[in-house]
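Each remark here refers to the structure printed beneath this line.
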């Protein structure tokens, strides 16, 4: 789907209109393409940063959230009743090639940025190339809006594309006959059949005019029904004309309608059959059916809204028999882009074993317990091709549950280690930083898991200064900005160090998101949110009564993971008076103790790892479980040998959120997480 240059060819048929005035009563229903809005506001923010002379764009999720809520607040002041802010929950299989092309483009941009960081290049070039969307931007805004007092009830993660559900909502019976405005930059919206009262307003054309006493919201508007009916009363949408415009990139609207009229009178059965198939693509019947099921069910809306798009898409694959992934795999996932060093292997190698546990849990949830199931992870890589699909062998049910228990043990060990290293109350530790004690604890735990992964893979470990760099949020400052008159040798050393830290920060982010994936898939296995459809397999939790303790206990801990915005806020930064020495020194002491654990150990701590990627490598040595001083059997070919880890202290049977999850972090070392 998608018609080349459609908006450009329709420019002469749109009209500048006043959409609303400040202080007006509610006069129009607003349906908003969420990803389109977030991208529009972020690029406006990035352009402002570059215009001010800053060469690189920071990954500022919080600033984009502020801009988003401000935009929504202002829209209401102009007389709009916001009925839906829609976000993608699954993309159709027809978009698969497009996604691969975007991943390739992103990889190429990263490679260009890597080359452009050399000081012989202009800082402005670096600034232009650094205008990447932050990796988890849309997910961060969805997460924040889903808990927002004003907008939670109108934020929807839908089982399809956001813009198509805008169309479905506009055609639903509860708002039929009312004035509706769809805000979207996606030209596909214009092709669907819409009611005569529905108009489409692109974000990029919106302007606020006037002064403080009275302001107007104006923009170029498209009225698809009126435009089609103007050419021929037999047409109620632009679909027929768009069909001919899709065949000829130079065909304009008037000529397209002439061809559509001629086709109705002709006997060209082949062309007419192609038109029928095209109209079916833009019928939005499935989306309309799904919307009518989702909208009245507030609990279903809430559960769907707690899932990131990638997770929602995985669940969609498991419950719909018609999905066809890549050859040789049963599922596939396009992991988010990361700002990383393009000369190195993907940062997504970090956390991969944890994600295998998560994916295996998902297959159990989907009641697909066959052996030798595989999932493909699509990521950037360092090869000339720039992209790769890594096929991962998933674990059987017993092994995935063992992995869950092992991870629980490692989290317990990490928390106990943090408590010992700080040797002070968490509230005292966080007094010199703005983050809460809970968020600070998670920063340490995620660092621990991240370094554990590097150690297990026998990769170089970061030093304390590298970790301080990560926790200070210093990721997007350019290496060239600090060269000055230093020698070439000093420049090369600085550049090498900067890129190493840049990639460490991406790997750290990958570990955080891997925990997020596990959290959401565990929750889905306990509480399946499902739209009943004829082509869907019935959802069933794979968790049995005897398994509840381990899963619920781990889920209760993972539920305390910081939000994306909280996680991206640096735990080390200047205080009110600009002095962050105390915080930095406390972290240095703590992180030095963390690093020493890995420098001292004779063998890496084998935890939840499921070495299931088929590759030629020496068989790993048995590892030591520092919880029990017992050896864990190594894992191979997707099978997890029975662990000798002692069972964790059993807790009273509970359901998630039956107590404050943070209390679990504060329990004694004997109780653990």
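In our numbering, the protein residues as written are 273 to 945. Note that CB positions come from ideal geometry on N, CA and C, so glycine has one too. Quantities reported herein were computed from a predicted structural model and do not represent experimental measurements.
Check	Outcome
The beta strand (DSSP E) enclosing residue 289, as first and last residue numbers	287-293
Length of the line joining the Cα atoms of residue 766 and residue 726	23 Å
Residue closest to residue 501, alpha-carbon to alpha-carbon, out of 521, 467, 480	467
Bounding residues of the beta strand (DSSP E) (the contiguous stretch that carries residue 576)	Here residue 576 belongs to no beta strand (DSSP E); instead the alpha helix (DSSP H) covers 570-577.
Any 3 or more C-beta pairs closer than 8 Å across the segment 770-788 and the segment 612-624	yes
Three CB pairs or more closer than 8 Å across the segment 288-299 and the segment 350-367	yes
6 Å CB neighbourhood of residue 417 in its chain, flanking five on each side removed	423, 427
Inter-residue CB distance, residue 664 and residue 649 (contact presumed, cutoff 8 Å)	6 Å
Neighbourhood of residue 880 by C-beta distance below 8 Å, restricted to the same chain and skipping five residues each side	Confidence in residue 880 is poor, its pLDDT being 49 and thus under 50, which makes the residue's placement unreliable; the coordinate value appears in the next sentence. Same-chain partners within the cutoff: 625, 626, 629, 675, 676, 678, 679, 682.
Within 8 Å, strictly: CB atoms of residue 647 and residue 601	yes
Status (buried if at least 16 other CB within 10 Å, exposed otherwise) for residue 387	exposed
Where residue 289 falls, given that 16 or more other Cβ within 10 Å makes a residue buried	exposed
Through-space distance from residue 720 to residue 871, alpha-carbon basis	13 Å
Beta-bridge pairing of residue 662 - partner residues as DSSP gives them	649
Within 8 Å, strictly: CB atoms of residue 544 and residue 463	no
Residue 834 burial status per 10 Å Cβ neighbour count (16 or more: buried)	buried
Contact belief for residue 471 with residue 494 at Cβ below 8 Å, rounded distance in angstroms	6 Å
Alpha-carbon to alpha-carbon, residue 685 and residue 312	43 Å
Opposing strand residues paired with residue 604 [DSSP bridges]	648
For residue 360, the residue or residues it bridges with in DSSP	430
Rounded C-alpha distance that separates residue 487 from residue 346	11 Å
Proximal residues to residue 279 (C-beta, below 7 Å), its chain only, five neighbours per side dropped	459
Cβ contact (3+ pairs, closer than 8 Å) linking the segment 829-844 and the segment 730-747	yes
Residue 507 in three-state terms, based on DSSP	coil
Inter-residue Cα distance where the pair is residue 342 and residue 529	41 Å
In chain order, each beta strand (DSSP E) run of at least 3 residues that lies wholly inside the segment 452-509	452-455, 470-473, 479-482, 487-493
Other residues of its chain near residue 368: CB distance less than 8 Å, five sequence neighbours each side excluded	none
Residue 794 and residue 826 closer than 8 Å at C-beta	yes
Straight-line Cα distance separating residue 655 from residue 473	42 Å
Beta-bridge partners of residue 353, as assigned by DSSP	301
Proximity below 8 Å, CB of residue 430 to CB of residue 583	no
C-beta atoms of residue 439 and residue 556 nearer than 8 Å	yes
Span of the alpha helix (DSSP H) around residue 381	368-388
Contact with chain C by residue 462, beta-carbon distance below 8 Å	Looking for chain C here will not work: only one protein chain is present.
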